[in-house]
Amino acid sequence: MSTATIFARIQELATISEDSHCLTRTFGSMAFIRATQLISGWMREAGLITYIDNIGNVRGRLVSKNPHARTLVLGSHFDTVTNAGRFDGPLGILMALDAVIGITIDLPFHIEVVAFCDEEGVRYHTTYLGSKVLAGTFDPQLLALKDAAGITLEEAIHLIGGCTDQLKNDSIPAAAWLGYFEIHIEQGPVLYEKHIPAAIVTAIAGQQRSQLVFKGMAGHAGTVPMEMRQDALCCAAACIVAIEQWALQHREHVVATVGTLQVVHGASNVIPGEVSCSLDLRSADAAMLKQGYQELSQLLSAICTNRNIRLEWHPVQETAPVHCDPLLSGLLEKAIQSTHIQTVKLVSGAGHDAVAISTIAPVCMLFVRCFKGISHHPLEDVEADDIEAALQIARNFILQLI
Ligand SMILES: [Zn+2]
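Going letter by letter, the sequence shown gives residues 2 to 403 in this note's numbering.
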């Protein structure tokens, strides 16, 4: 397969959407089913033993004659966010497929290419459904989750032809894993700014999401003197800037984002009495996440006390950082060096299927430069030369394992 074929296939997948105006392909939709058929056709054509498992992962195996062979899994996801770019997910699937097509020798291990069914979690607001099944960590309680139309995950799985009783049989047992390797676009601007085509991922950042509620006192915008106000919005604004300043001071280790802001009963002639906002804190260092939570809660409490505002801090979600396997990453580094590309090591601020797989197997990841770091947007783009360079690295990496 050539880079041109990879591009053509990415383009073909991008035309399979549940929305005629943009690319949106969520778990279990008609577009999703069409994509599974297209991808399984490509896998079959590549000579892989191909099937769609019960959660909807498309899986193609290259089988070793070694009776004690373990399995190296290569893959990425084919579901998308709403109004997505073309490369987020499919690039990793098609490059994995390309990397195994050239293998003609007897392998000492099995290779399985997996197109994961649900990494973005758009429909059921829970991520990694496919990779959790592969890792054997899928929680059956998730089957009761309902989408916006009231359809449960269990019903959605039946509708795509899966059997929920069989999900546990779709996992690869811990002892059978050799490792997991994923190629993915960077989704950030570092490689673009550095003019480097690809990088090793050392870790995937842990996340701590909270909801902050600022409670003051609503009042008449015309009659309450400035010094007598308990303006929840002004307090929230001061806190948001303080969060940014704190994160800038610790920028080597952490990023912090306030992405939503609601003014309860907001009106132009009312002093805001209650405001809530989100806080998303990410770091590859678990201790830093904990320290961040402590330092920010002290910092924000002081600002709120000064302004006579009550602060409520509600934890929403917490995931631990994932560290990529040093041994596999070392081989990936050698593979990069053999292509004479400068070695760059990055922490992924975004989650990936490797997070779910890391609970059961060693994982490693290669990031590919994308145009200006743009992702989750139709402008998402990747240069053909970068795909070629990353393919060379992937082939060198697999050859070292043989
Ligand atoms: Zn992705």
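No residue lacks a Cβ here, since even glycine has one placed at the ideal position from N, Cα and C.
Asked: Closer than 7 Å: Asp387 CB and nearest ligand 1 heavy atom; Found: no
Asked: Proximity of Gly93 and Glu183 at Cβ, strictly below 8 Å; Found: yes
Asked: CA nearest to the CA of Ala157, picked from Pro363, Tyr125, Gly267; Found: Tyr125
Asked: Residue from Trp178, Asp166, Ser269 with nearest C-alpha to Gly220; Found: Ser269
Asked: Residues surrounding ligand 1 [beta-carbon distance to nearest heavy atom under 5 Å]; Found: Asp89, Gly90
Asked: Exposed unless 16 or more other CB atoms sit within 10 angstroms - verdict on Lys373; Found: exposed
Asked: DSSP three-state assignment for Ser3, whether helix, strand or coil; Found: coil
Asked: Residue range of the unbroken alpha helix (DSSP H) whose run includes Leu395; Found: Sequence check: residue 395 is Ala here, not Leu. Run containing Ala395: 385-402, per the alpha helix (DSSP H) assignment.
Asked: Cα-Cα separation between Arg370 and Gly350, rounded to whole angstroms; Found: 15 Å
Asked: DSSP bridge partner residues for Thr72 (one or two, in chain order); Found: His111, Trp178
Asked: Exposed unless 16 or more other CB atoms sit within 10 angstroms - verdict on Ser284; Found: buried
Asked: 4-residue-minimum alpha helix (DSSP H) runs that sit fully inside the stretch 137-224, ordered along the chain; Found: 154-160, 191-195
Asked: For Ile304 and Tyr312, the rounded distance between their alpha carbons; Found: Just to set this straight, residue 312 is Leu in the shown sequence, not Tyr. Approximately 10 Å, taken between the alpha carbons.
Asked: Residue ranges of each beta strand (DSSP E) within the stretch 285-350, 3 or longer; Found: 311-320, 346-349
Asked: Cβ-Cβ distance between Val64 and Ala204 below 8 Å; Found: no
Asked: Buried or exposed (CB count within 10 angstroms, at least 16 for buried), Pro316; Found: exposed
Asked: Range covered by the alpha helix (DSSP H) that runs through Ile34; Found: 31-46
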